[in-house]
Amino acid sequence: MGGSSSSLPGEMGHQQLFDMTKDTRLIMNKLLDYGLHKIAVSEFVKLSSPEGCKNYVMFLTNSIHKLFYELQVAPGTDKRGVIFFRSIKDLTEPTAQEKIERQSLCLTLAYFYTRIFQIYGSIALTLIDDINDISQIGIFDGIDQSQSFGAPGIHLSTMSGGAFSLTTMGNFQFLKSYLTDQTYASEGFRTRYVGTTSSTTANIYFTAEVDGQNAASTQQGTFAIGYTGAKEFSYLPITSTSAGIGSNNLTVSFGKIKYQKKGDATEREATLPDSIKKSITISGQIAATGTVGYTYKVAGSTASLADYFNKIFTILVPYVRSLVEGTSSSVAFNQSERDVQPQLKISKIIQNLSKVKPLGHCIARGMQLLRAAPFDKDGISSICKPKFMESTRVSNSGMKTTVTRSGIPITKVEESPGLSALAQLFYDTVQFGTPQVLIGTVPGKDGVSSKDKYLKFIRTMSRMFGDTTRMTRAAASPDDVIKEGLDAISIQRDKELCKILGVSDQDMQLPNSVAKVVYESVKKLFGRQYNHAVKCGAIINRLFRVQRDQSSGYFQISLSPTLIQGGFPELNSINYDARELLMSYYEDCETTYLHGVQDIITAKRAADTAKVQQPQAQQQSDRQPVFVPRTGVQPPTAPPAGPAPPAIGPTVAGPTMAGPTMAGPAMARPTAPFRFPTQPQVPPRSAISSRGRTIKQPVRFSNQQGINILGRNEFQRRTNSTKRSRVQAPPS
Numbered sequence: 001m002g003g004s005s006s007s008l009p010g011e012m013g014h015q016q017l018f019d020m021t022k023d024t025r026l027i028m029n030k031l032l033d034y035g036l037h038k039i040a041v042s043e044f045v046k047l048s049s050p051e052g053c054k055n056y057v058m059f060l061t062n063s064i065h066k067l068f069y070e071l072q073v074a075p076g077t078d079k080r081g082v083i084f085f086r087s088i089k090d091l092t093e094p095t096a097q098e099k100i101e102r103q104s105l106c107l108t109l110a111y112f113y114t115r116i117f118q119i120y121g122s123i124a125l126t127l128i129d130d131i132n133d134i135s136q137i138g139i140f141d142g143i144d145q146s147q148s149f150g151a152p153g154i155h156l157s158t159m160s161g162g163a164f165s166l167t168t169m170g171n172f173q174f175l176k177s178y179l180t181d182q183t184y185a186s187e188g189f190r191t192r193y194v195g196t197t198s199s200t201t202a203n204i205y206f207t208a209e210v211d212g213q214n215a216a217s218t219q220q221g222t223f224a225i226g227y228t229g230a231k232e233f234s235y236l237p238i239t240s241t242s243a244g245i246g247s248n249n250l251t252v253s254f255g256k257i258k259y260q261k262k263g264d265a266t267e268r269e270a271t272l273p274d275s276i277k278k279s280i281t282i283s284g285q286i287a288a289t290g291t292v293g294y295t296y297k298v299a300g301s302t303a304s305l306a307d308y309f310n311k312i313f314t315i316l317v318p319y320v321r322s323l324v325e326g327t328s329s330s331v332a333f334n335q336s337e338r339d340v341q342p343q344l345k346i347s348k349i350i351q352n353l354s355k356v357k358p359l360g361h362c363i364a365r366g367m368q369l370l371r372a373a374p375f376d377k378d379g380i381s382s383i384c385k386p387k388f389m390e391s392t393r394v395s396n397s398g399m400k401t402t403v404t405r406s407g408i409p410i411t412k413v414e415e416s417p418g419l420s421a422l423a424q425l426f427y428d429t430v431q432f433g434t435p436q437v438l439i440g441t442v443p444g445k446d447g448v449s450s451k452d453k454y455l456k457f458i459r460t461m462s463r464m465f466g467d468t469t470r471m472t473r474a475a476a477s478p479d480d481v482i483k484e485g486l487d488a489i490s491i492q493r494d495k496e497l498c499k500i501l502g503v504s505d506q507d508m509q510l511p512n513s514v515a516k517v518v519y520e521s522v523k524k525l526f527g528r529q530y531n532h533a534v535k536c537g538a539i540i541n542r543l544f545r546v547q548r549d550q551s552s553g554y555f556q557i558s559l560s561p562t563l564i565q566g567g568f569p570e571l572n573s574i575n576y577d578a579r580e581l582l583m584s585y586y587e588d589c590e591t592t593y594l595h596g597v598q599d600i601i602t603a604k605r606a607a608d609t610a611k612v613q614q615p616q617a618q619q620q621s622d623r624q625p626v627f628v629p630r631t632g633v634q635p636p637t638a639p640p641a642g643p644a645p646p647a648i649g650p651t652v653a654g655p656t657m658a659g660p661t662m663a664g665p666a667m668a669r670p671t672a673p674f675r676f677p678t679q680p681q682v683p684p685r686s687a688i689s690s691r692g693r694t695i696k697q698p699v700r701f702s703n704q705q706g707i708n709i710l711g712r713n714e715f716q717r718r719t720n721s722t723k724r725s726r727v728q729a730p731p732s
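First residue of the sequence shown: 1, per full-length UniProt numbering; consecutive thereafter.
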């Protein structure tokens, strides 16, 4: 996976890295599907909870499902500690101790398959890449969302006639303000819902059957839900019943979701999630004076009607996606993991892999240092803009949608999907008899326990991210720090570094000379990413056997025979090696990134020094008089200029006021927040006018330099005097 390290090119740019790791990413995507659908890892997570263990709802494939569920068997152990299965009939009245042991066995089985997925997920989160991400930040910006979903050959239109329109809505009049005038075929009018994240984005339409002659009757409507990437609409039936003449209240009920699973034309039904009320009351009130009609609110809710329905669809869209695509939504995962130990939870990993898709840490840091290869142009750095890969758009209805991909932690380490997933791998011991997953205290392969390694890694990351408080507490109260975990590390470093640079949440423009220096660190980050991908392939091959049919291109994936035969010892060995690999990866990424940041800070300090030294050189030059030629007088040779401050980047030669060519210091030309100097100039000297006053030259020169310095009249007088005397300056 990923090729061999011997093919690593000398100039590792993002495009080369992306091309060389495409096979790795392809296989990791296949493994994600395998883990979610074939292994059904979520069912093993449920098994680790007391309720799940009691019901023994667990399966690996259909055959395993029959073995565990239909045959009604339960796990037990013999005197040697080997797991075997007994009929549930024999365990109808287990003792309290037997219940604890059974729960421990359930946890052991859950740990085995869940840990396989956690190792895979921790590695996969370091390998995500998208070469088009920079150019497609804000991918929805400027795109008409009404056109983002639709079958080929079907175009948006405006309805004319028909039973349902925005002027004759019957009992659905309360939805009028929530609908736009855009329509889609027979699905009706588009709602104002957009979505707040990539996983909740959808186009939703509404239509209804309106009987104008019987306005008090029950009327049926339908929401058509088309989430981003869907091939078919899913439908939510809605019923609105008027309370009758004299009442402005409506009873609104939601039916079952109607959908088609991907690749299957059979229509299916599913009940709504428990977090969505199946029936609500809409209250209508006569609008304020000067307006016509009613205003509507949901009884018992302080939210506006639009916000109320937006909240419903924010929950419903991921749920519908999970039904259609066969994956479990984050809502369902969160509910199923309610009683699961944090060390075995996988919903966050699945959410990040399938929805957020953050870039690998070294890739993100490289792109943060420098957005593109500098070549012969200035560079853009985002070291003081942690949300450099986030874009917010505002729809016509005012809805904001944020797209994020960086995965860079801003305030705490828990905001890093990869580091947060890595923290789970330190919990590698199932304590029998007390169903808990703990951090191992037994020395590992290198003689160091998982507990000691975790504490050391917390200290290292605390130091790198500038959390000095945690570093101190790690020495004084190690057990408390371990209990708080890696996620609790606070990110203090970036604020301090950006304070030095005088920048806050802004991109920085770097001159070409500085950008080229920083780009060396970027190439090292991309090279480190490539080597990491190669090593990840070796770990993945120990977990799974991946075969590809050369003729059809289909993948055949199964658990590694070595893992199945080796059992827990082999799994623990893989867990150890994966943990070591990931710790080294994150440390190296941060170290190399900080080298690039230091190059920028060094250049900034040099620019600041040049600014300070320039006035000093100016003042020293002011003390040296420059004689103005008069009739019959030869001017003396000009005194040498004061020492020039060091310039940023290579020194550039140029003509000075005195005539000869000399090197000059850099001149800072700040932008927002600042821009490094790129064209060094020589600080000007002062001149003494005929009245004896010292006149300082401005920093900026023009073609009419003498006029700027002396004034037009004085300059003209001296020019005429010089012409009359015909005195020539001595040869240089």
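Positions of the beta carbon are idealized from the N, C-alpha and C atoms, including for glycine. Treat the numbers as computed from the prediction; the structure is a model and nothing was measured.
- Under the three-state reduction of DSSP, residue 507 is assigned to coil, being neither helix nor strand.
- In this structure, the straight-line span from the alpha carbon of residue 226 to that of residue 181 is close to 18 angstroms.
- Non-local beta-carbon contacts of residue 360 in its own chain, meaning distances under 7 angstroms to residues more than five positions away in sequence, involve 126, 127, 128, 129 and 529 in chain order.
- Looking at the DSSP output, residue 112 sits in no beta bridge, so it has no partner there.
- Residue 519: member of the alpha helix (DSSP H) spanning 512-543, first to last residue.
- The residue among 570, 356, 370 and 259 with its C-alpha nearest the C-alpha of residue 593 is 370.
- In this structure, residue 510 lies near residue 378, with their beta-carbon atoms less than 8 angstroms apart.
- Assignment of residue 418 by DSSP, reduced to helix, strand and coil, places it in the helix class.
- Secondary structure of residue 181 (DSSP, three-state): strand.
- Residue 240 is bridged by DSSP to 219 and 252.
- Under DSSP, residue 296 shares a beta bridge with 284.
- In the three-state reduction of the DSSP assignment, residue 546 falls in the strand class.
- The three-state secondary structure of residue 459, taken from DSSP, is helix.
- For residue 559, there is no enclosing alpha helix (DSSP H); the enclosing beta strand (DSSP E) has its first and last residue at 555-559.
- In the DSSP assignment, residue 226 is bridged to 203.
- Put simply, of 385, 406 and 456 the residue whose alpha carbon is nearest the alpha carbon of residue 507 is 385.
- Taking 8 angstroms as the cut-off, the Cβ atoms of residue 191 and residue 179 count as close.
- One thing to note: residue 314 has its Cβ within 8 angstroms of the Cβ of residue 200.
- Of the residues assessed, residue 596 falls on the buried side of the cut-off, its CB having 16 or more other CB atoms within 10 angstroms.
- Judged by pairs of C-beta atoms under 8 angstroms, the stretch 257-270 touches the stretch 226-235, as three or more such pairs exist.
- Residue 248 sits away from residue 319, with the two beta carbons spaced by 8 angstroms or more.
- Residue nearest to residue 571 within the set 14, 117, 269 and 27 is 117 (criterion: CA-CA distance).
- Two segments are said to touch when three or more pairs of C-beta atoms, one from each, lie closer than 8 angstroms; by this definition the stretch 407-424 does not touch the stretch 538-549.
- Shown here for residue 174: same chain residues with a beta carbon closer than 6 angstroms to its own, the five before and five after excluded, namely 282 and 296 in chain order.
- Secondary structure of residue 616 (DSSP, three-state): helix.
- Counting along the chain, the unbroken alpha helix (DSSP H) around residue 307 starts and ends at 305-325.
- For residue 475, the number of other beta carbons within 10 angstroms of its own is below 16, and it is reported as exposed.
- Distances from the alpha-carbon of residue 187 to those of 218, 471 and 224 put 224 closest.
- Going by DSSP, residue 493 is part of the alpha helix (DSSP H) stretching over 493-501.
- Apart from the 5 residues on each side of it in sequence, residue 585 sits with its Cβ closer than 8 angstroms to the Cβ of 126, 361, 362, 528 and 532 in its chain, given in chain order.
- The DSSP-derived three-state label of residue 340 is coil.
- Check the Cα spacing between residue 477 and each of 522, 449, 610 and 458: the tightest is with 458.
- For residue 243, the number of other beta carbons within 10 angstroms of its own is below 16, and it is reported as exposed.
- Here DSSP, grouped into helix, strand and coil, assigns residue 267 to strand.
- One alpha carbon belongs to residue 24, the other to residue 557, and they sit about 14 angstroms apart.
- The Cβ atoms of residue 420 and residue 487 lie closer than 8 angstroms to each other.
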